[in-house]
Amino acid sequence: MTDTDVLADRFEEYRPHLKAVAYRMLGSLAEAEDAVQEAWLKLGRSEADDIRNLGGWLTTVVGRVCLDMLRSRTTRREDPLDDTFVPDPLLTPLSRIDPEQEVLQADSVGLALLVVLETLEPAERLAFVLHDMFAVPFDDIAAIVEKTPAATRQLASRARRRVKGAAPSAEPDLGRQRQVVEAFMSAARGGDFEALLAVLDPDVVLRADSGALVGGAAVSKLVRGARPVAEQAMLFRQFAQFAELALVNGAIGVFNAQEGQLLSVMGVTVVDGRITELHILADPERLARLDVPGTEG
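Quick note on numbering: the sequence shown equals residues 1 to 297 in the UniProt record's numbering.
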């Protein structure tokens, strides 16, 4: 094997980890792949023999690439991020998780948390993700954001407070999650309004992202409160007939597909036996990049 082949093999060992870092930084699977590829190109242009800790080096490189991408996003946007934006979901069959998905799902970041991360400043998000989720030392992060370690610690602390306040701890047990989600879907299929209200938290939030081109009743929207959310479920109850369960960012969620094409993916947050958040991606352009998961046997 050539030196390039050896380096490529070593890089592939780290690819799942690097993609997990980039996904948490960017909330986009396509952009995460781009960030990882950029890290490979940078590795090829470096003196690889001088790198003592390849995993740490690659993690910080991916972090720097993601930071640049986040800052570029901020610069391009004329308006703040829309309240209806839903990050790319990680969609996995309940019955099977492949090795790369296993790394992405480990200590999964739910869609609700990713939505909160989207509200952070790029440097805050980097400090929080790298330190709190991947235990990267503040000294290493400080070099990326070009601040002192103390200032970098403050970035992570601010981000942590915002995350803690906006993303309460969800039900960790998949079995209990499934009971709640199945009760919601059963009520939607049956058009049982009272049963829907019973499974929804009074302050539930529904975020539906249909992209820029979808209009009418299916337009992107942010809906708050059990009764308005239940009314939305009744409005689209015909689609509930074809919904199937899957893991969405490590939690029980729902997807709709026809003829091998995804029509929607719904992430669900369950707290204390009730649904507190629903995140629906129904943007045809973004869904086209995702694979339909296999169904349970």
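Idealized CB from N, CA, C, for every residue including glycine.
Please state the DSSP three-state secondary structure of residue i.
i	result
Thr148	coil
Val181	helix
Gln241	coil
Leu278	strand
Val61	helix
Pro122	helix
Gly267	strand
Asp209	strand
Asp203	strand
Leu290	coil
Leu262	strand
Val21	helix
Asp272	coil
Leu67	helix
Ala143	helix
Leu94	coil
Phe138	helix
Ser72	helix
Glu231	helix
Asp173	coil
Glu47	coil
Do you know offhand how far residue i's Cα is from residue j's?
i	j	result
Val248	Thr152	32 Å
Leu263	Asn256	5 Å
Pro172	Arg160	20 Å
Asp5	Arg189	54 Å
Val199	Pro122	36 Å
Gly267	Asp203	17 Å
Met234	Leu126	40 Å
Gly110	Ile280	13 Å
Val229	Val62	39 Å
Glu78	Ile51	With a pLDDT of only 47 at Glu78, under the threshold of 50, the placement of this residue in the model should not be trusted; the figure read from the coordinates follows. So the two alpha carbons sit approximately 40 Å from each other.
Leu67	Met25	8 Å
Leu120	Arg158	9 Å
Phe193	Asp132	41 Å
Leu117	Asn53	28 Å
Tyr14	Val21	11 Å
Arg176	Asp283	29 Å
Tyr23	Leu94	21 Å
Which stretch, first to last residue, makes up the alpha helix (DSSP H) that contains residue i?
i	result
Glu244	Segment 244-248 is the beta strand (DSSP E) holding Glu244; no alpha helix (DSSP H) there.
Val116	111-117
Phe193	193-199
Glu285	284-287
Where do the N-terminal and C-terminal ends of the beta strand (DSSP E) with residue i fall, by residue?
i	result
Pro87	Note, Pro87: premise wrong, no beta strand (DSSP E); not H, not E.
Ala32	Element bounds for Ala32: not the beta strand (DSSP E) but the alpha helix (DSSP H), 29-44.
residue 383	Residue 383 lies beyond the range of the chain shown here (1 to 297); nothing can be said about it.
residue 306	Nothing in the structure corresponds to residue 306, since the chain is present only between 1 and 297.
Rounded to whole angstroms, how far is the Cβ of residue i from the Cβ of residue j, which I believe are closer than 8 Å?
i	j	result
Leu70	Ala39	Leu70 to Ala39, Cβ: 16 Å. No contact.
Leu130	Gly27	Not confirmed; about 15 Å, so no contact.
Gln232	Leu206	6 Å
Ala156	Phe128	5 Å
Val254	Pro89	The Cβ separation is near 11 Å, so there is no contact.
Val181	Ile252	5 Å
Thr74	Pro293	At roughly 33 Å, the Cβ-Cβ gap does not stay under 8 Å, so Thr74 and Pro293 are not in contact.
Val271	Ala166	The pair is not a contact, with the Cβ atoms about 13 Å apart (cut-off 8 Å).
Nearest CA to the CA of residue i: which residue from the options?
i	options	result
Gly273	Arg178, Arg162, Asp83	Arg178
Arg36	Leu58, Glu47, Leu54, Ser46	Checking the displayed sequence, the identity of residue 36 turns out to be Val instead of Arg. It is Leu58 whose Cα lies nearest to the Cα of Val36.
Ser210	Gln258, Asp83, Arg189, Met234	Asp83
Thr60	Lys42, Pro87, Asp49, Arg73	Lys42
Arg45	Gly55, Leu7, Glu13, Val109	Leu7
Arg286	Thr269, Gln261, Val271	Gln261
Arg289	Met25, Ala30, Arg10, Thr276	Ala30
Phe11	Met25, Ala48, Gly110, Leu278	Ala48
Ala226	Phe242, Val292, Ala195	Ala195
Leu197	Thr119, Pro284, Arg224	Arg224
Gly55	Asp140, Pro87, Pro93, Ser169	Asp140
Ala187	Ala243, Glu118, Ala20, Asp34	Ala243
Leu174	Thr269, Asp9, Val292	Thr269
Phe239	Ala183, Gln258, Pro137	Gln258
Gly250	Val86, Val65, Ala112	Ala112
Thr276	Gly216, Asp201, Leu222, Ala208	Asp201
Is residue i near the ligand HEM, with its Cβ less than 8 Å from a heavy atom?
i	result
Val180	For the ligand HEM, the structure offers nothing, since it holds no ligand at all.
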